[in-house]
Each structure stands twice: as structure tokens, then as C-alpha cells.
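Each remark here refers to the structure printed beneath this line.
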Amino acid sequence: MKSEFKTKLIQHILNKKDSEKGFTLIELLVVIIIIGILAAIALPSFLSHAAKARQSEAKTYVGSFNRTQQAYYL
115 MKSEFKTKLI QHILNKKDSE KGFTLIELLV VIIIIGILAA IALPSFLSHA AKARQSEAKT
175 YVGSFNRTQQ AYYL
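Following the numbering used here, the numbering of the sequence shown begins with 115 at its first residue and continues without gaps.
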């Protein structure tokens, strides 16, 4: 009985047509959900790093303006 099932399964796999190849809707939905979860986890961290980068850039500009102003008044 088991060998009959195995042979039928192997025949079914080997006889698959090209139209049967591809992803199912469930598989695509699972992948989209996983990508959404990863994006939801990564987005706050990315936004935090972007804000820190803007603050660092602003501090650099203020320091540059300060040095320029001090050089002008000397």
C-alpha cells in the first residue's frame, strides 16, 4: 500500500504541467505578512537613527558657524 502511494505521488510530481508551477495565494500572503512584520520592527529603529543623524548634522553646522563667527571677530 505504501509503495503504491509513493509511486502515485512520484508520478504526480513528475507529470506536473507548466501551468501548475508557481506560488499559491497563501504562500504569497504569508511572505507579504512576514515582510510587513519585519518592516514594522525595523522602521522605528531606522527613524531613530535618521533623527540622530539630523541632530548630529545640525550640531556640526552650529559648530562651524560658531568657529566662523569667532574667526570673524578676532
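Where a beta carbon is used, it is the ideal one built from N, C-alpha and C, also for glycine. Since we're looking at a predicted model, the values are computed, not measured.
>> Tell me the DSSP secondary structure of Phe179 in three-state form.
In response: helix
> Over what stretch of residues does the alpha helix (DSSP H) that includes Lys120 continue unbroken?
Replying inline: 116-128
> So what's Ala136 in DSSP terms, helix, strand or just coil?
Replying inline: It should be noted that the sequence gives Gly, not Ala, for residue 136. Gly136: coil per DSSP, three-state reduction.
> Expressed to the nearest angstrom, what Euclidean distance is found between the alpha-carbon atoms of Gln184 and Ile149?
Replying inline: 51 Å
>> If I measure Cβ to Cβ from Tyr175 and keep anything under 8 Å in the same chain, skipping five residues before and after, which residues do I get?
In response: none
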